[in-house]
Ligand SMILES: NC(=O)c1ccc[n+]([C@@H]2O[C@H](COP(=O)([O-])OP(=O)(O)OC[C@H]3O[C@@H](n4cnc5c(N)ncnc54)[C@H](OP(=O)(O)O)[C@@H]3O)[C@@H](O)[C@H]2O)c1
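Numbering (this note's numbering), first residue to last: 108 to 386.
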């Protein structure tokens, strides 16, 4: 397949390239070569490249930054996605779009399924939801892949931050009342690679298996990396950040399983492999 990837120099973009390059022809774009907010540019580029499928891994992903810069958030995560959907319609190709657990409000006592009511509580979540809505309005053939708590080799992320902090702190405070599923971008990229060959369009939750709080995750990272740090649990309220986050955003990968795909491995296995790779 000829696959056009946006945001290809991002954290997920990097692993998508690695996982897909041997099997497919890739057209790689970055914010410099294809700014998804440029409507005419997007349509011209995609009509010219004429891909079999587009994977959108471009987004404005700074969750706190979105609160102070909502125009940029809606422009990239909403209008940018609309532009891509319109271009895909023009060349009659499906769009794979990456969305987020932050479209849910976090008030739940069981993992969220694809059909659950959405209710984002941050600008980031609201802008990502806009993107989902545009796709559903414009296209019939799409994969909306909601994932969570990503980390990978090519980007800033929670495990890297923890290991960096541990170099000069003996004690680190970490939030314990936000629960989700850390997900390795490489595993997600493999999942997307399977999905695009299925033609089973729709909305998918796709994360590694299992769940934990940030605090539990930090403790596990230090255990695996064999680093001696005292992790002090704090509430999200105590650890004030500009954007509110859902308290519980575990995603049940229900459509994934119902379509016969094998669940992604546990987050504990994935983070072990990742730490081995970066240390
Ligand atoms: N990170 C997470 O924890 C997480 C969790 C759930 C879902 N997601 C979703 O997963 C996807 C991938 O996330 P990620 O962590 O890999 O993101 P990332 O590392 O921040 O990469 C995003 C990419 O988007 C590009 N980009 C930004 N604005 C653009 C524009 N106007 N036009 C074209 N490209 C633009 C950036 O390019 P420049 O660097 O050149 O600006 C960057 O390469 C995103 O859709 C994100 O919302 C992420």
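Note that the Cβ used here is the ideal one computed from N, Cα and C, for glycine as well.
- The residue from 119, 380, 111 and 213 with its alpha-carbon nearest to that of residue 150 is 111.
- Annotated three-state conformation of residue 321 is helix, per DSSP.
- Relative to ligand 1, even the nearest heavy atom lies 7 angstroms or more away from the CB of residue 335.
- Within its own chain, the residues whose Cβ lies closer than 7 angstroms to the Cβ of residue 318, once the five positions on either side in sequence are excluded, are 286, 287, 288 and 357, listed in chain order.
- Secondary structure of residue 233 (DSSP, three-state): helix.
- The Cβ atoms of residue 337 and residue 372 lie no closer than 8 angstroms to each other.
- For residue 254, no alpha helix (DSSP H) run applies; the uninterrupted beta strand (DSSP E) run containing it begins and ends at 249–254, by DSSP.
- Beyond the five residues adjoining it in sequence on each side, residue 307 comes within less than 6 angstroms, by CB distance, of 366 in the same chain, given in chain order.
- DSSP, read as helix, strand or coil, puts residue 214 in coil.
- Around the C-beta of residue 189, 16 or more other C-beta atoms lie within 10 Å, and the residue is accordingly described as buried.
- Closest by C-alpha distance to residue 243, out of 193, 217, 175 and 109, is 193.
- If the five residues before and after residue 331 are omitted, its C-beta is found closer than 6 angstroms to the C-beta atoms of 379 and 382, all from its own chain and listed in chain order.
- When distances are taken from the beta-carbon of residue 141 to the heavy atoms of ligand 1, the shortest one is below 7 angstroms.
- In summary, residue 158 is buried, with 16 or more beta-carbon neighbours lying within 10 Å of its beta-carbon over all protein chains present.
- Residue 355 has 286 as its beta-bridge partners, per DSSP.
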